[in-house]
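Structure, as structure tokens:
Protein chains: 2
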Amino acid sequence: MGERRFSRQRERIYQAVRASQVHPTAQMVYEELRAQMPRLSLGTVYRNLHLLAEEGLLVELDGPVARFDAQLRPHTHLRCMRCGCVADAEMAYDGGLDIQAARDGWQVESHSLIFNGICPACGKESEHLKGA
Amino acid sequence: MGERRFSRQRERIYQAVRASQVHPTAQMVYEELRAQMPRLSLGTVYRNLHLLAEEGLLVELDGPVARFDAQLRPHTHLRCMRCGCVADAEMAYDGGLDIQAARDGWQVESHSLIFNGICPACGKESEHLKGA
DNA sequence: CTCCTTAATAGTAATAATTATTTTTATTGT
DNA sequence: ACAATAAAAATAATTATTACTATTAAGGAG
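Pasting the structure below:
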């Protein structure tokens with residue numbers, strides 16, 4: 004029956020991300036693998052990256068859409084994993100973290116702390132589904 | 004001489020972000036303002052959001068390109084503000100933060116902590132410039 | 001091992017997000 | 001008011017991502 008197949012492409016895409024230290028974009032994975040797999044298509048890379056993320060083998064950083072915030076005092080955010088909305092968290096921003104994060108030759112100036120979860124609205128929807 | 008002018012559009016765009024609680028995208032700002040400013044163009048919104056961010060009046064969250072990571076154990080990242088590269092930080096992930104962040108009806112499951120700074124490579128470039 | 005089913009690919013087209021360009025408008029100093 | 005030009009509008013172009021369709025190939029049944 005309809006089992007998920009683990010194709011050579013998916014395996015290579017997964018390994019490419021694992022081997023990389025730069026948290027690559029889809030385009031970067033595509034260009035790297037194309038040398039050895041000339042017929043690989045970018046769509047395949049995108050599809051597999053998302054499938055792998057869905058299976059929990061990869062994590063996706065950042066979104067594909069920029070957002071803006073007028074609250075300048077450094078603070079933290081909550082992002083809904085379901086609808087994508089973003090809200091301010093009430094947690095205090097800990098500037099001391101930046102000092103701890105220093106590493107190698109990096110000069111750290113600030114940080115952004117985003118909590119992933121389910122927003123009130125989406126949480127209610129889930130309850131309804133459960134109740135049905 | 005070439006002074007920066009603070010146009011009505013820029014003012015309204017800035018205020019729209021300030022008034023919003025949702026950390027809006029450019030598209031969202033555009034749609035909201037269009038009701039009162041039918042001739043406003045999306046390009047103007049983008050340009051002003053970036054100008055405002057450059058001036059330090061706004062902060063830009065997320066980037067326009069998705070990145071992927073095969074390191075599943077929750078961890079923290081370093082991002083270069085100049086070249087955009089991303090690296091793993093050596094700082095431990097503090098799962099306890101998620102509990103502190105709970106708020107309203109939010110269910111918090113995880114967080115992502117990204118430090119902003121200058122990577123070793125870009126740091127060296129700056130030194131060269133200073134030396135010249 | 002060969003055949004069949006169908007998941008997954010390649011190739012391509014379409015959409016969405018963002019940036020660049022060109023002409024027009026309007027702010028500001030004189 | 002007028003000139004100089006920053007910024008806007010309008011539009012085109014680019015980049016990022018997703019959707020669609022025909023073809024390929026993985027994996028189980030015989």
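The listed protein sequences correspond, in order, to chains U and Y. The first sequence begins at 4 in my numbering and counts up one residue at a time. The second sequence begins at 4 in my numbering and counts up one residue at a time. Cβ atoms here follow ideal geometry from the backbone N, Cα and C, with glycine treated the same way.
*Where does the unbroken beta strand (DSSP E) through U:H114 begin, and where does it stop?*
110-121
_Counting beta carbon pairs with one atom in the segment 71-87 of chain Y and one in the segment 95-110 of chain U, are three or more of them shorter than 8 Å?_
yes
*CA-CA distance, U:L54 and Y:F9?*
46 Å
*What separation, rounded to the nearest whole angstrom, lies between the Cα atoms of U:S44 and Y:C88?*
Spanning the two alpha carbons is a distance of roughly 24 Å.
*Leaving out the 5 sequence neighbours to the left and right, which residues in its chain are closer than 8 Å to U:M4 when beta-carbon positions are compared?*
The predicted model places U:M4 with a pLDDT of 49, which falls under 50 and marks its position as unreliable; any figure quoted below should be read in that light. Once the five neighbours on either side are set aside, U:M4 has no close Cβ partner at all.
*Would you list the residues sitting across from U:A22 in a DSSP beta bridge?*
In DSSP, U:A22 forms no bridge with anything.
*asked:* Spatial neighbours of Y:Y33 within its chain, please: C-beta separation below 6 Å, excluding the five flanking residues on both sides.
replied: Excluding residues up to 5 positions away in sequence, L45, V48 lie with their Cβ nearer than 6 Å to the Cβ of Y:Y33 in the same chain.
*Under the assumption that Y:V111 contacts U:D72 (Cβ atoms under 8 Å), give the Cβ distance between them as a whole number of angstroms.*
The beta-carbon distance between Y:V111 and U:D72, rounded to whole angstroms, is 19 Å. This is too long to meet the 8 Å contact definition.
*asked:* Check this for me: beta carbons of Y:A136 and Y:E35, under 8 Å apart or not?
replied: No statement about residue 136 of chain Y is possible, as the shown extent of chain Y runs from 4 to 135 and does not include it.
*Within 8 Å (strictly less), CB to CB, does U:T28 reach chain Y?*
Judged by the 8 Å Cβ criterion, U:T28 is in contact with chain Y.
*asked:* Could you check whether the Cβ of Y:G98 sits closer than 8 Å to any Cβ belonging to chain U?
replied: no
*Partners in chain U for Y:M40, counting only beta-carbon separations shorter than 8 Å*: Residues of chain U passing the Cβ test: none, with the nearest at roughly 18 Å.
*asked:* The alpha helix (DSSP H) that contains U:E93, what's its start and end?
replied: Premise fails: U:E93 is in no alpha helix (DSSP H) and is neither H nor E.
*In angstroms, rounded to a whole number, what distance separates the CA positions of Y:Q39 and U:Q74?*
24 Å
_8 Å Cβ cut-off: residues of chain U touching Y:Q110_ = G120, I121, G126
*Cβ atoms of Y:Y96 and Y:L60: under 8 Å apart, would you say?*
For the pair Y:L60 and Y:Y96, the CB atoms are not nearer than the 8 Å cut-off.
*Counting along the chain, where does the alpha helix (DSSP H) carrying U:E57 start and finish?*
45-58
*asked:* Can you tell me whether U:V68 is helix, strand or coil according to DSSP?
replied: coil
*Could you check which residue in U:I117, U:Q103, U:A69 has the C-alpha nearest to that of U:D91?*
U:I117
*Residues in the segment 56-78 of chain Y with C-beta within 8 Å of chain U's C-beta atoms, listed in sequence order?*
A56, G59, L60, L61, V62, E63, L64, D65, G66, P67, V68, A69, R70, F71, D72, A73, Q74, L75
*Interface partners of U:E93 on chain Y, CB under 7 Å*: R106
*Give the straight-line distance between the Cα atoms of U:G126 and U:P67, rounded to the nearest whole angstrom.*
24 Å
*Shortest alpha-carbon distance to U:S136 belongs to which of U:C122, U:I102, U:Q12?*
It is not possible to answer for residue 136 of chain U, since the shown part of chain U is limited to 4 through 135.
_Can you list, in chain order, the residues of its chain with a C-beta nearer than 7 Å to that of Y:H26? Leave out the 5 residues immediately preceding and following it._
L64
*Return the CA-CA distance between Y:S23 and U:R76, expressed in angstroms with no decimal places.*
16 Å
*Could you tell me which of U:R85, U:S129, U:P123, U:L52 sits nearest to U:Q12, measuring between CA atoms?*
U:L52
*Which residue from Y:E14, Y:E128, Y:I121, Y:L100 puts its Cα closest to that of U:N119?*
Y:L100
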